[in-house]
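Visitor: Here my numbering is used: position 340 in the sequence shown is 496, and no number is missing along the way.
Heads up, the beta-carbon is just placed ideally off N, CA and C, and yes, glycines get one too.
First the structure, then my questions, so here it is.
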Amino acid sequence: MQHPRRLGKYDIVGVLGEGAMGVVYKAHDPFIDRQVAIKTVRKALLDSSIAEDMAARFRNEARAAGRLSHPGIVPIYEYGEDDTTAFIAMEFVEGRDLAQILGATPTLPEGMAIRFMQQLLDALGSAHRAGVWHRDIKPANLIVTNDGLLKVMDFGVARIASAALTQAASTIGTPGYMAPEQYIGESIDHRVDLFAAGVLLYRMLSGRSPFAAETPEAVMYKVLHQDPAPLSTLDGLSIPTSLDAVIARALAKAPQARFGSAAEFRDALAERSAVAGGTTAEDATVIAAMPLRVRPATPGTSRGPTGSAMPSSWDAGSLAAVEAALTRFMGPMARVLVREAARTSTDLQQLQDSVGQHIRDPGERQRFQALVSASAAAGTSAGTRAGSAAVPTGAASSPASTSVPDAAISAGLSDYASRALARQLGPIAKVVVRRAMAQARTRQEFFGQLCASVDDPVRRAQLQAELARAPEGI
């Protein structure tokens, strides 16, 4: 189909997704110079009753999310219409939805799953206090940013207190995540979201749905009549019984038997973590509290805090090299996985093995291991805990052993690296260099990420040698 060049005041940049009823665009707001995502509905398709219901949900999303303000909820900037299209402009979030993450990593580390759940419950608590119930909490409606922040999106079927949109369609939702009262058409409240959050927690920790079945009817029967097996009893998991009790309460059949609020659910998780020793003082700086990274306006501008929550006993270059390699296979989730594994790993090999298990394809896992090994051989990764790292030797050790403030990643060094990388990757090199500059805090990390972007070992060695010859003065 032909896409518009402009919607309202927004310049269309590209297509993020397309469905039968509309398109999601990436766009630019020229007035305040920011990227936005625009969800559209085509008016030509709004004649049937189904299309009209879709349009009602679309407007409902704008109204529901538009009244909310919380860092864990994707904000709505504007609802608008032109002659052919109704649209919602919202925050453009760089990241992957949780469904994609769980598709690649079916079982998340316990600490990570709990932190995601705490962020979700914080966001839901804010929505509930504003009189909004999401009603369709599931992995596909949760997006994780490149910084590891979880955000709730898609309020298309949200229930707004005293709203004109009827509650009669209380069966709206996703099978397996819907609470019993949604299935049988009883009155609902905010506790349907807490039930769905309990399902999600079970799914993240076990890699399976608590109500898995072959048909939607069988799923409904389990939701209404059966309790899932406690996680502590499942083979291959090491989940304490105290967490079983938290999940069981969240998944109670009767709404009054569940947690009374998202805050109560969150507090129960925090208490369980403290009792089980699952949260250390260092780990308490959860992803949700990370400061946002400040990208430089021009090359060479010093950066603000990166918010990487790096374990203090690890060398920055070691984690950067592993993260850069893992990102090729896991996307932005690599940052979170590496820092999670670094808390319990004592050397590079253990760290590599720990994060490598999340790559399900054996061939891709071997490629990841080769990338990390190549980075280590080039001196881009110390390979041991900070304080005991050996200084690499050889031609490639010069760039890797230079740990200088990120202000030294100057325009001159950026240009030099771009030319060197372009000989291996072509025009995309400039994009890779810009991304590495935004993430790396030292010259060592910068070179490590560039080397990890080249798959071919011969070309990678050529790049390593050329980076080793980079003048120290640029």
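Could you please give me the residues that DSSP links to histidine 184 through a beta bridge?
Guide: Asp167, Gln191
Visitor: Is the separation between the beta-carbon of aspartate 400 and that of leucine 390 shorter than 8 Å?
Guide: no
Visitor: Which value, in whole angstroms, describes the spacing of the CA atoms of glutamine 620 and alanine 567?
Guide: Rounded to the nearest angstrom, the two C-alpha atoms are 20 Å apart.
Visitor: Could you tell me which residues DSSP pairs with glutamate 174 in its beta bridges?
Guide: Val179
Visitor: Taking a contact to mean a Cβ-Cβ separation below 8 Å, would you say alanine 490 touches glutamate 601 in this structure?
Guide: Their beta carbons are not under 8 Å apart, which means alanine 490 does not touch glutamate 601 by this criterion.
Visitor: Name the residue from Leu254, Arg271, Asp503 whose alpha carbon lies nearest to the alpha carbon of aspartate 423.
Guide: Arg271
Visitor: Starting from lysine 307, trace the beta strand (DSSP E) both ways and give me its first and last residue.
Guide: 306-308
Visitor: Alpha carbons only, please: which of Ala260, Asp239, Asp238, Arg223 is nearest the one belonging to methionine 246?
Guide: Looking at Ala260, Asp239, Asp238, Arg223, the one whose alpha-carbon comes closest to that of methionine 246 is Arg223.
Visitor: Could you check the C-alpha separation between arginine 625 and serine 529 for me, to the nearest Å?
Guide: 21 Å
Visitor: Going by C-alpha distance, which of Ala368, Ser394, Gly392 is nearest glutamine 382?
Guide: Ala368
Visitor: According to DSSP, is aspartate 423 part of a helix, a strand, or is it coil?
Guide: helix
Visitor: Quick one: using the 10 Å Cβ neighbour count with 16 as the cut-off for buried, is phenylalanine 214 buried or exposed?
Guide: Here phenylalanine 214 is buried, its C-beta having at least 16 other C-beta atoms within 10 Å.
Visitor: Between Arg414, Ala410, Arg579, Glu370, which has its C-alpha nearest valine 402's C-alpha?
Guide: Arg414
Visitor: On a CA-only basis, which of Ser574, Val308, Glu496, His184 is nearest aspartate 167? Give me that one, please.
Guide: His184
Visitor: Go ahead and pull the three-state DSSP assignment for glycine 629.
Guide: coil
Visitor: List the DSSP bridge partners of threonine 301.
Guide: Gly251
Visitor: For leucine 254 versus valine 300, is the C-beta spacing smaller than 8 Å?
Guide: For leucine 254 and valine 300, yes; Cβs fall inside 8 Å.
Visitor: Counting C-beta neighbours from all protein chains within 10 Å, is the total for arginine 428 16 or more, i.e. buried, or is it exposed?
Guide: buried
Visitor: Using only alpha-carbon positions, find the residue among Thr483, Glu496, Met486 that is nearest to tryptophan 470.
Guide: Glu496
Visitor: In angstroms, rounded to a whole number, what distance separates the CA positions of alanine 404 and valine 355?
Guide: Rounded to the nearest whole angstrom, the C-alpha separation of alanine 404 and valine 355 is 10 Å.
Visitor: Would you report the Cα separation of methionine 268 and serine 570, rounded to the nearest angstrom?
Guide: 35 Å
Visitor: Does DSSP put valine 348 in a helix, a strand or coil?
Guide: helix
Visitor: From which residue to which residue does the alpha helix (DSSP H) around glutamate 601 run?
Guide: 599-608
Visitor: According to DSSP, which residues form a beta bridge with alanine 283?
Guide: Partner(s): none; alanine 283 has no beta bridge.
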